[in-house]
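Enquirer: Before I ask anything, let me first share the structure, which is written out below as structure tokens.
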Amino acid sequence: MGIVFSVISGKGGVGKTTTSANLAIGTALQGKKTVVVDFDIGQRNLDMILGLENRVVYDITHVMEGDVKLNQALIPFKKSKNLYFLAASQTKDKSVLDKEKVGRLIEELKEEFDYIFIDAPAGIESGFEHAVYYADAAIVVVNPEVSSIRDSDRAIGIVDAKSKKSQEGKRVAKYLIINRINPELVQKGEMLSSEDILDILEIDLLGKVPEDQFIIEASNTGHPVILNDRSEAGKAFERISRRLCGEEVPFVDVETPKKAGLLKSIKKMFS
Numbered sequence: 005m006g007i008v009f010s011v012i013s014g015k016g017g018v019g020k021t022t023t024s025a026n027l028a029i030g031t032a033l034q035g036k037k038t039v040v041v042d043f044d045i046g047q048r049n050l051d052m053i054l055g056l057e058n059r060v061v062y063d064i065t066h067v068m069e070g071d072v073k074l075n076q077a078l079i080p081f082k083k084s085k086n087l088y089f090l091a092a093s094q095t096k097d098k099s100v101l102d103k104e105k106v107g108r109l110i111e112e113l114k115e116e117f118d119y120i121f122i123d124a125p126a127g128i129e130s131g132f133e134h135a136v137y138y139a140d141a142a143i144v145v146v147n148p149e150v151s152s153i154r155d156s157d158r159a160i161g162i163v164d165a166k167s168k169k170s171q172e173g174k175r176v177a178k179y180l181i182i183n184r185i186n187p188e189l190v191q192k193g194e195m196l197s198s199e200d201i202l203d204i205l206e207i208d209l210l211g212k213v214p215e216d217q218f219i220i221e222a223s224n225t226g227h228p229v230i231l232n233d234r235s236e237a238g239k240a241f242e243r244i245s246r247r248l249c250g251e252e253v254p255f256v257d258v259e260t261p262k263k264a265g266l267l268k269s270i271k272k273m274f275s
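Counting the sequence shown from 1 gives a position; this note's numbering is that position plus 4.
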């Protein structure tokens, strides 16, 4: 049976969907048969990040309503035979989600795949609750800022109170990804450090992802950063993916500013 990871955040704009896409690709490249499911009904954008927007014919609601079989709606990722994508509907709203229908879909996915990544909608309304109800683990994505941490803490509380596992007296594993770290701002004290964030949220650290110029380019081109050898964020997502696959991968310091650029500039001044 597969493992269900709900990728969550307390607010929008923290990079949750980018994280879902890159981790799904990363685990697929590690040999895990993986599916990433867009649960943001009415606001689909995971397909664009994956470069699959033109391939969507059927979506999650068609499957849950029984209009089509699951394999008809699954879209293979172009660059990995192990990765598939299930799109959200752009024409429905979150009221179409039904706990029993979602449960049947999740069970079918668990029979077929090793890893199931659910890209949950931001916030803590009904769509969020459906996206985390069947989670085996929650991956919490935050930015190093107070509002993001506060809202994510509330989201964690929903997982602990309303997930199926918690209602059965079991624990949902929770892992933290700190996204868009700017080392200069961390050193100036203008951005929270990872230690500060871990003290507040008290969940296990899965990875740190630095701010990266290639992220916007990746979103616009449908070429995720994990496939870009020049991207520091891509390298971070690759390390996180390996950890999810059970490998012990050392953490890389992305919070200390690099001095190489400054030294290079000084040398150019005197050359």
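Ideal Cβ positions, reconstructed from N, Cα and C, are used throughout, including at glycine.
DSSP state of TYR119, grouped into three classes?
Expert: Looking at TYR119 - three-state DSSP - the assignment turns out to be strand.
Enquirer: Would you mind working out which of SER152, LYS114, ILE128 sits nearest ALA159, comparing C-alpha positions?
Expert: It is ILE128 whose Cα lies nearest to the Cα of ALA159.
Enquirer: Which stretch, first to last residue, makes up the alpha helix (DSSP H) that contains ASN224?
Expert: First-last of the alpha helix (DSSP H) with ASN224: 218 to 225.
Enquirer: Closest to ILE204 by C-alpha separation, out of GLY211, LEU196, ARG184, would be which residue?
Expert: Answer by Cα proximity: LEU196.
Enquirer: Can you tell me whether ASN224 is buried or exposed? The criterion is at least 16 other CB atoms within 10 Å of its CB, across all chains shown.
Expert: Burial call: exposed.
Enquirer: Taking the straight line between their C-alpha atoms, what separation do you get for ASN186 and GLN217?
Expert: If I take the Cα positions, the gap works out to 12 Å.
Enquirer: List in chain order: all unbroken beta strand (DSSP E) runs of 3+ residues lying wholly within the stretch 116 to 173.
Expert: Entirely contained in the stretch 116 to 173, the beta strand (DSSP E) runs reaching 3 residues are, in chain order, 119 to 123, 141 to 146.
Enquirer: Work out the CA separation of LYS262 and SER130 for me, nearest whole Å.
Expert: If you take the alpha carbons of SER130 and LYS262, they lie about 43 Å apart.
Enquirer: Count the other CB atoms, across all protein chains shown, that sit within 10 Å of the CB of VAL256; report buried if there are 16 or more and exposed otherwise.
Expert: Exposed, because fewer than 16 other Cβ atoms sit within 10 Å of the Cβ of VAL256.
Enquirer: Since ASN183 is in the beta strand (DSSP E), which residue starts that stretch and which ends it?
Expert: ASN183 -> beta strand (DSSP E) spans 177 to 185.
Enquirer: Is it buried or exposed, PHE274, if we count other Cβ atoms within 10 angstroms and call 16 or more buried?
Expert: Confidence is the limiting factor: at PHE274 the pLDDT is only 47, short of 50, which leaves the residue's position unreliable, though a coordinate-based value still follows. Looking at its Cβ environment, which holds fewer than 16 other Cβ atoms inside 10 Å, PHE274 is exposed.
Enquirer: With DSSP run on the structure shown, which of helix, strand or coil describes PHE255?
Expert: Correct three-state label for PHE255: coil.
Enquirer: Per DSSP, what are the beta-bridge partners of SER10 in this structure?
Expert: Answer is ILE122, ALA142.
Enquirer: Look up THR23 in the DSSP assignment and say whether it is helix, strand or coil.
Expert: Reduced to three states, the DSSP call for THR23 is helix.
Enquirer: Just the Cα atoms here: how many angstroms apart are VAL67 and THR260?
Expert: When rounded, the distance between both Cα atoms is 47 Å.
Enquirer: Beta-carbon within less than 8 Å of PHE96's beta-carbon, same chain only, minus the 5 sequence neighbours each way: which residues are those?
Expert: For clarity, residue 96 is Lys in the given sequence; the question names Phe instead. Cβ within range, chain order: ILE45, GLY46, THR65.
Enquirer: Taking LYS212 as the reference, give the member of GLY6, ALA141, PHE9, THR23 with the closest Cα.
Expert: Looking at the Cα atoms, THR23 is the closest of the given residues.
Enquirer: Report the partner residues of LEU196 according to the DSSP bridge assignment.
Expert: DSSP lists no partner for LEU196.
Enquirer: If you draw a straight line from the C-alpha of ASP140 to the C-alpha of PRO228, how long is it?
Expert: So the alpha carbons of these two residues sit roughly 26 Å apart.
Enquirer: Based on the DSSP output, what are the partners of PHE89 in its beta bridges?
Expert: Looking at the DSSP assignment, PHE89 forms a beta bridge with VAL40, ILE79.
Enquirer: Could you name the residues of the same chain whose beta carbon sits closer than 7 Å to that of VAL11, not counting the 5 residues immediately before and after it, in chain order?
Expert: For VAL11, where only same-chain residues beyond five positions count, the Cβ hits under 7 Å are LYS20, THR23, SER24, PHE121, ILE122, ASP123, ALA124, ILE143, VAL145.
Enquirer: Whole angstroms is fine: what's the gap from SER167's alpha carbon to PRO214's?
Expert: So the two alpha carbons sit approximately 31 Å from each other.
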